[in-house]
Structures are given as C-alpha cells and as structure tokens.
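In order, the protein sequence lines correspond to chains A and B.
In this text, residue positions in the first sequence follow the numbering used here: the first is 2, and each later residue adds one.
In this text, residue positions in the second sequence follow the numbering used here: the first is 41, and each later residue adds one.
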Amino acid sequence: MHALLALTVANIRSFRRDRAALFWTLAFPLIFVVLFGLIFQGGSQKLRFGWVDDDRSAASVALRASFAGVAGIVLTDASHDSALADMHTGKLSAVLEVPLGYGARVAAASSVGGSAQPATITVYTDPSQASTSGLVLQVVSGVLGAVNLGGRPPLVEPVVASVQTQDLNGISYLVPSILGMALMQLGVFAAIPLVADREKHILKRLSATPLRRWQLVGSNVLMRLLIAIVQTIIIVGVGSWVFGLEIAGSLVIVGGLVILGALAFISLGYVIASFAPSEDAANGMTSIVQFPLMFLSGTFFVIDQMPAPLQLVARFLPLTYLSDALRQVMVNGAAFSPLWVCVAVLVGWTAVCFGISARFFRWQ
Amino acid sequence: MVGPASVIRALDVHKTYGEIQAVNGVTFEVARGEVFGLLGPNGAGKTTTVEMLEGLRRPDSGRLEVLGIDVARDPDALKQRIGITLQTADLYPKLTVVEVLDLFRSFYRHTVPTDRLIEALGLGERRLAQTRQLSGGQRQRLGIALALVNDPEVLFLDEPTTGLDPAARRSLWDLITGLRAQGKTVLLTTHYLEEAEILCDRLAIMDHGRIIALGTVDALVDSRSTERTIRFDRIPGLVDGTLAALPGVSRVAHDDGITLLYTRDVPAAVGALLAAAAALGVEPDNLGIRRPSLEDVFLDLTGRALRD
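This is how it looks when you write it as structure tokens:
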C-alpha cells in the first residue's frame, strides 16, 4: 500500500512539473468553457419570446403590447409549431401562447360580480435551463400582475408548460459535453506516458523491484482520477459561477459518473498502449481514436440532428453515453438513452477494455 | 568457486528470440564477494543472460539460481535481495534525486537511509536537482544508488560505464571496487576490455550466445597465448626485413612511431634486437616487454577484434 501511494505521489509530482500536461488537461478545458460561455452569453442578454396568438382579439393585442413594453424583451410572432421548433434549437428563450377564446374569457372574468374562471395564457419554458426559465416566469408574472391590477380573482393566469430543448449554444448543454470530452482526453492520453515508460525501459526497471503490477497500474489510475476530479471542479465551477449554470441533479451522482467515465476512457487508453509499438504510434492512435469520439458523440452536434448513418455510429461510442448521462443528471437534459443504459454501457466498456489490455499489454 | 559459496548459478541456459539464438547453453557460477564480468561484443547475449538472472526474462530451458532461490519459481523473493541497473536509466526526469530514491525505497521491506546512499555515491550537491539535469556520470551513479536502496547482497550492473567519459568511468570503477570491499557480489557486463581487466576477479567471454572462455584475467591470458610483445621507438636504420629475420621473432608491426615485435622467445629476440641496434651504433629507446592483453585473447578466440 505504501508503494502504491508513493508511486501515486511521484506521478502527481511529475505531472505538476510538466507545464504542457498541465495546460492540456487543466487550462484547455477551461478555455473551452469560457470561450463557449462567452459566445452563448453574448447572444442571450435579451429574453427572446415567441408570441403565438390564436385568439386575435383586442384583449390579446393589448396583452402583446404589455409584454412588448418590457425592456430587454424581444417578441417574435410565430405559429405554435414554428415557435416551439425555434425554442428547441435555442433561438427563442420561451414561447407565450394566447389560446382561442382568451378575449371572451377576460371579458367574462372582468364583468362585475362575474364568477367565471380567469383566462389563461400558456408559457413554454425549459426548466433544465433554470436561470432562463426563472427569468421568463418572473417577467410573465410581472406583466400579468400589471394586467390584473390586483383584481380578485385575477383576470389572467399563466399555465406553465415544460419543453425540453436541446439548446446547442446553451451553457447547460455545453458544460456536460466539455466535461465528457475532457474526461475522454484524460483517459485516452493515459496511453502515451505508459508507452513512453515502456520505451525508456522504466517499466522494465520497475519490474525488477518488488513493486507489483497492480500497484503500478493502480497508481496510474489513481492519479488520473484525481485529475478528473480537479477538471470537473474547474469546468463545473466556472460554468456555474461565471455563466450561471445550475446543477439540477445530485453532485454525488455527477461525481460517480465522472469516475466511471474516466475509468472507461483510461481503460481505452490502456488498450491503445497494448497495441502501440512506440510512443509516436501511441500519439497517432490516440488522435485517431479521439477525433471521432469528439465529433460524433454529441459533444458539438446534437445527435438527433446528425445524419442517420452517423447517428448509428454514435450509438457505439462510449462518449455518447457518458455525455448523455452527465447531461441528464447535471441539467435534466433530454435523454438519448435511459441513465441505467448509459451506466451499463460504460461499466461494460471499462470491463472489456481492461480485459483486453490485461491480455495484450507487454511490459517490456 | 563451486559449492555452497556460489551465489549465482546458471546451468545450460538457452533463450531464442524467433530465429535468433540469443543465449545458447550458458553455464557459470559466481562466488560470494566476487566481481564477475560478462565480456563480449554487442549482441553476444550478455544482457539477455543478466536479465534472465534478474527474473525479467524467462529462459527457454536451463536452470538459474541466485542466492539459493530458483529464479523461475520465486522471482518476488529474489527481487527483495538483489539490485540492478539497466543500460538505459532515464527514470522520472521531473523528480529530484531524493524523491526518486525515496520512491524506490518504498518498494522494499529493508532499506538504506536516503542520505547515506546520496553520500556514498557522491550525489550530495545534486540531491535536489531533477534527474533530467544530471550529467551522464551522475545519472549512472543515481542508477547504482537505486540498485543499492535495499542493501542487496547481489548486484547486476549492465554496461555501467557505457557512454561515459574517461574520468566518470574511472570514478565509477572506484565505486564498484568499493562495493566489493563491502562484500557484495557483483555481476557486470561490459564490452570494455580495460574495465574487465581492472574490475573483475573472474570473467566469462561471450560470443554468439555462448561462453567461449572463462577464468581469471591472468589465467585467460596465459592459457590462450604465450606470445609476448617487444616494443620500442622506431629505429630508422632497421627495416622490417631485418627485424623479421631476427631469431624468435614471429611477426613485426608498427603503431604510431612504435615498432612491435611478437615472439615466444623473449631472451633470444631481445638479445638479437640489441645486437642489431648496436651494429648501427644506437640503443632502442623506451624498450618494453608486454604480455598479451584480453584484446589479444579475444582476437585469438574469435578471429576478430572486440569492437568490430
């Protein structure tokens, strides 16, 4: 046990003194979050509402004017379908829909001594984008409060409907994606120092000591898991403190997924190390593995919007399931596969990859 | 040299890599406290032999024993009690000398304090330097320090001075001589004849996976050749034809202004040389008689020079 810890500490020290490694594993994902966060923020300082008017009465036009008068709001008239489609892709922050008969119900509710139910308007928001949807509901209740003028019972009430968007530009979509990508790189890159250590006969030198192979592998895995946790803290921390990302799910489950995801890709790195004859080859193989994972696993493109053949490929990539699981737990994102399927795929992947590397890895 | 005192035994060991017979029936024993050398050109099978004794490679056949431990059966017990260096030793470039030594100490049950190792190997001034900043000689010293962390009874040093400058090489020789004085058994490989002559109590000359000669340096030299070399500064009036015709002289050679006469009858050849010089009215300068070196023995055994 002493040797395991000593070797882990030695690995961490070496890592800490390696500026290039520090940059790629810690600063690079950070730059990614900040960059995408700024792009997203720049486009979203205003709340963009889709306005669907099915009533077309004097009352509905008056209500539209009330919303249009609020500073910082952009109203776009649209049909129900096109408004929801735009919201789905992130062009709209929310959709307000005035149902047919709204004018008549407002008139009924406002008649003296009227006991009719208040009129309603429907507010479509995405609760997974917690800060946006909170702001939307605040604006709606403010406007309706003015319309109602403290009337009792109120003339108009909002009915909130949840829409799950896959807002590609949203920080809430990006943070789990970037986290998944960082974990993937951290794991896959485990191949390179291992192959380098073999080439430089370090593994051979260690084999001549009483150090056990599980201690060597264990220290390697421990160090990477530690880095994975630091990366998670940085990425999620910047996402939430700077860009207002709100973690919907349990941090414990997020932590569990981070460790499972890191293990899945470390094991993939070991498979690469098992078949790479040299450090250069390991570098090449890492790139070959890394890029499809990065671009076909829904990191930058929503899987549902990819061409069908590529969607099929995505179903076989472990990063698809890690990012999907992270998105589900962190931001209540739309599920591509059920969470248990994601976990099962990652566990199975890890087991198979460790099995393959245990069988084929050469120590010298 | 044979018996309970021997701490390393190799018995008819074979190892092939594909088509190549790297080690082809090697047998030898090393006594406790001996410095034993495996001498031979690159590719002779020295490193493979040593790595099999260290438990790093499995022999195809044959028996290997170190400190009474069957290497094939209990390599873990063996590793606690031996120290090794590899030819290349670029360990943890970003860790300091102290950190690497402490790391290696964590692998063993019984260890020597780090400060004592640093002191013994003259690394005191570089104790906080990262290993990538060390010179070649310092790196080699660190390699030996790492081999000594568990106070091993047996040391395997694979080409410990290859690539070092003469000063660093000499200081490493002193170090290895010091280890023998502490009673440690040392098995080293080398392709430097001078190193083998200076350090080794006994040595085995290897070529093409076989041991072609084994014994003390003196015994090897005596057994293979009784030819001596007479050397003196070149005398202008003495031509090779005259020299070759002198009684007892079998061959004449020149080396950078020095004339070499090879002979099996030193008194006759020297007498004739002095007479021939006197006839010209001169005396040979820097006259000397040299017995054959390991270089000559190797040449004699294999028909080629060691460094070819």
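C-beta: ideal position from N, C-alpha, C; glycine also.
All values derive from a computational prediction rather than experimental measurement.
Status (buried if at least 16 other CB within 10 Å, exposed otherwise) for residue i
{"i": "Phe-24(A)", "result": "exposed"}
{"i": "Gln-222(B)", "result": "exposed"}
{"i": "Val-348(A)", "result": "exposed"}
{"i": "Thr-256(B)", "result": "exposed"}
{"i": "Trp-215(A)", "result": "exposed"}
{"i": "Glu-374(B)", "result": "The question about residue 374(B) has no answer here: the residues shown for chain B are numbered 41 through 348."}
{"i": "Asp-198(B)", "result": "buried"}
{"i": "Leu-320(A)", "result": "buried"}
{"i": "Asp-54(A)", "result": "buried"}
{"i": "Val-366(B)", "result": "What the structure shows of chain B is the stretch from 41 to 348, and residue 366(B) is not part of that stretch, so it cannot be assessed."}
{"i": "Pro-324(B)", "result": "buried"}
Extent of the continuous beta strand (DSSP E) run through residue i
{"i": "Ser-358(A)", "result": "Unbroken run through Ser-358(A) is the alpha helix (DSSP H), 340-361; no beta strand (DSSP E)."}
{"i": "Trp-52(A)", "result": "48-54"}
{"i": "Thr-67(B)", "result": "60-71"}
Three-state secondary structure assigned by DSSP to residue i
{"i": "His-54(B)", "result": "strand"}
{"i": "Gln-120(B)", "result": "helix"}
{"i": "Gln-178(B)", "result": "helix"}
{"i": "Tyr-103(A)", "result": "helix"}
{"i": "Thr-287(A)", "result": "helix"}
{"i": "Tyr-174(A)", "result": "helix"}
{"i": "Val-35(A)", "result": "helix"}
{"i": "Thr-269(B)", "result": "strand"}
{"i": "Met-295(A)", "result": "helix"}
{"i": "Val-75(A)", "result": "strand"}
{"i": "Val-222(A)", "result": "helix"}
{"i": "Glu-234(B)", "result": "helix"}
{"i": "Val-106(B)", "result": "strand"}
{"i": "Ile-275(B)", "result": "coil"}
{"i": "Thr-300(A)", "result": "coil"}
{"i": "Arg-14(A)", "result": "helix"}
{"i": "Ser-101(B)", "result": "strand"}
{"i": "Val-141(A)", "result": "helix"}
{"i": "Arg-49(B)", "result": "strand"}
{"i": "Thr-217(B)", "result": "helix"}
{"i": "Val-259(A)", "result": "helix"}
{"i": "Thr-151(B)", "result": "coil"}
{"i": "Thr-9(A)", "result": "helix"}
{"i": "Thr-233(A)", "result": "helix"}
{"i": "Ser-333(B)", "result": "coil"}
{"i": "Leu-26(A)", "result": "In the sequence under discussion, the amino acid at residue 26(A) is Thr, which differs from the Leu named in the question. Residue state, collapsed to three classes: helix."}
{"i": "Thr-125(B)", "result": "strand"}
{"i": "Thr-366(A)", "result": "No statement about residue 366(A) is possible, as the shown extent of chain A runs from 2 to 365 and does not include it."}
{"i": "Val-289(B)", "result": "strand"}
{"i": "Ser-279(A)", "result": "coil"}
{"i": "Ser-163(A)", "result": "strand"}
{"i": "Pro-128(A)", "result": "coil"}
Identity of the residues DSSP links to residue i by a beta bridge
{"i": "His-294(B)", "result": "Thr-299(B)"}
{"i": "Phe-244(A)", "result": "According to DSSP, which records beta bridges pairwise, Phe-244(A) is partnered with nothing at all."}
{"i": "Ala-120(A)", "result": "Val-157(A)"}
{"i": "Leu-227(B)", "result": "Phe-76(B), Phe-196(B)"}
{"i": "Glu-98(A)", "result": "Val-53(A), Thr-123(A)"}
{"i": "Gly-328(B)", "result": "Arg-271(B)"}
{"i": "Ser-211(B)", "result": "None; Ser-211(B) has no bridge partner."}
{"i": "Thr-136(B)", "result": "Gln-170(B)"}
Assumed close pair residue i, residue j - CB separation to whole angstroms, cut-off 8 Å
{"i": "Glu-74(B)", "j": "Arg-242(B)", "result": "6 Å"}
{"i": "Leu-27(A)", "j": "Val-231(A)", "result": "7 Å"}
{"i": "Leu-294(A)", "j": "Leu-318(A)", "result": "6 Å"}
{"i": "Thr-201(B)", "j": "Gly-77(B)", "result": "That belief does not hold up - the Cβ atoms of Thr-201(B) and Gly-77(B) are roughly 12 Å apart, past 8 Å."}
{"i": "Arg-271(B)", "j": "Ile-298(B)", "result": "6 Å"}
{"i": "Thr-125(B)", "j": "Gly-176(B)", "result": "Not really, about 13 Å apart at Cβ, beyond 8 Å."}
{"i": "Arg-49(A)", "j": "Ser-94(A)", "result": "5 Å"}
{"i": "Glu-335(B)", "j": "Thr-303(B)", "result": "That belief does not hold up - the Cβ atoms of Glu-335(B) and Thr-303(B) are roughly 18 Å apart, past 8 Å."}
{"i": "Asn-82(B)", "j": "Tyr-148(B)", "result": "Not quite, the Cβ-Cβ distance comes to about 32 Å (not below 8 Å), so this is no contact."}
Span of the alpha helix (DSSP H) around residue i
{"i": "Gln-170(B)", "result": "From DSSP, Gln-170(B) is part of no alpha helix (DSSP H); its letter is neither H nor E."}
{"i": "Glu-200(A)", "result": "192-200"}
{"i": "Asp-247(B)", "result": "Premise fails: Asp-247(B) lies in the beta strand (DSSP E), 242-247, not in any alpha helix (DSSP H)."}
{"i": "Ala-253(B)", "result": "Ala-253(B) -> not in any alpha helix (DSSP H); beta strand (DSSP E) instead, spanning 250-255."}
{"i": "Met-92(B)", "result": "86-93"}
{"i": "Met-307(A)", "result": "Neither: Met-307(A) is in no alpha helix (DSSP H) and is coded neither H nor E."}
{"i": "Gln-329(A)", "result": "319-332"}
{"i": "Arg-213(A)", "result": "Taken as a continuous stretch (DSSP letters only), Arg-213(A) belongs to no alpha helix (DSSP H), as it is neither H nor E."}
{"i": "Thr-282(B)", "result": "280-284"}
{"i": "Ser-61(A)", "result": "59-69"}
{"i": "Pro-81(B)", "result": "Careful: Pro-81(B) lies outside any alpha helix (DSSP H) and carries neither H nor E."}
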